[in-house]
Amino acid sequence: MVSGMLEGAVAVVTGAASGIGEATTRLLVEHGARVAALDRTGRAKGPDLLSVAADVADADSVERAFAEVTQRLGPPDVVVHSAGTDDREIKDLVARQRAAGEPVLSLPEITLDRWRRMQAVNLDGSFHVLRSAAARMLELRRGAIVLVGSESGVHGLGGLAHYSASKGGVHALTRSAAVELAPFGIRVNAIAPGVIDTPMARRTKAVAAGQVPVPLGRIGDSSEIAKVALFLVSDLASYVVGEVVHVDGGRMAC
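Per the UniProt record's numbering, the very first residue in the sequence shown carries number 1; after that it's consecutive.
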């Protein structure tokens with residue numbers, strides 16, 4: 001890709017302390033952006049970063065973080081929202097069922113608290129970030145926002161219904177917001193990663209063991225999602241609006 005394609009742009013990346021968010025942060029800095037790295041602790045590390053604490057499940061926390069970024073760097077031109085969560089205990093239950101050769105059945109164990117926490121982080125968090133970003137971009141009448149969904153938001157993921165539902169909501173939110181904000185010069189798109197080597201994905205035992213089938217023959221790297229995010233927020237994607245881009249080594253083609 002062209003180096004320096006985001007020269008001088010103000011970028012916000014959530015979930016910036018690890019995984020896809022960390023890789024995206026590094027890549028945007030390499031391409032000239034002034035990056036605000038948001039995570040729950042405010043301890044995202046790296047050269048030339050503004051590290052800001054934000055809990056995406058808390059609308060006030062997100063708004064305070066965007067206000068701080070705007071005050072210190074200026075209004076954001078680019079936002080990549082990659083913060084999210086899964087459910088370790090339900091993942092462990094599913095792994096035990098599969099190891100025992102039993103049918104996967106987790107729905108009875110997904111309590112209302114588990115359901116609400118998943119939606120609060122993954123879906124509500126996407127809305128909070130989108131709303132705070134759009135409020136500032138509307139003043140500029142320009143900007144690019146990328147939300148990170150999941151392949152599981154498209155096809156059923158047995159054992160993690162609450163996760164699949166949250167990510168499917170992210171995809172729907174992306175398309176609706178894209179239609180609404182496009183007339184104001186703001187492009188909204190999403191990425192649906194497949195099996196990517198991240199700390200969260202490694203908590204799935206099949207992923208950690210390399211047992212998930214991928215046509216390309218390997219699981220993906222966080223940097224491969226970051227490259228697509230860079231494309232989507234850059235002028236190379238100036239006519240791309242409302243898309244959910246699958247980056248999955250061919251899994252959705254099966």
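Built from N, CA and C at the ideal position, the CB exists for glycine as well.
Query                                                                                                 : Result
Unbroken stretches of the beta strand (DSSP E), 3 residues or longer, contained in the region 105–182 : 143–148
Run of the beta strand (DSSP E) containing residue 53, from where it starts to where it stops         : 49–53
Cβ contact check for the region 145–159 and the region 173–191: 3 or more pairs under 8 Å             : yes
Beta-carbon proximity check, residue 4 vs residue 31, cutoff 8 Å                                      : yes
Residue 171 beta carbon less than 8 Å from that of residue 62                                         : no
Selection from 133, 60, 99 and 168 that minimises the alpha carbon distance to residue 13             : 133
N- and C-terminal bounds of the beta strand (DSSP E) containing residue 14                            : 10–14
Reference residue 254, options 225, 216 and 112, closest by Cα                                        : 216
Near the ligand GDP: residue 114 beta-carbon under 7 Å from a heavy atom                              : In the structure shown, the ligand GDP is absent, as is every other ligand, since no ligand is present at all.
Start and end residues, beta strand (DSSP E) containing residue 245                                   : 244–247
Between the CA atoms of residue 19 and residue 159 - distance to the nearest angstrom                 : 23 Å
Three or more C-beta pairs below 8 Å linking the region 171–187 and the region 99–106                 : no
Inter-residue spacing [alpha-carbon to alpha-carbon] between residue 99 and residue 92                : 10 Å
Supposed contact pair residue 187 and residue 226 - C-beta distance, whole angstroms, cut 8 Å         : Wrong, their Cβ atoms sit about 18 Å apart, outside the cutoff.
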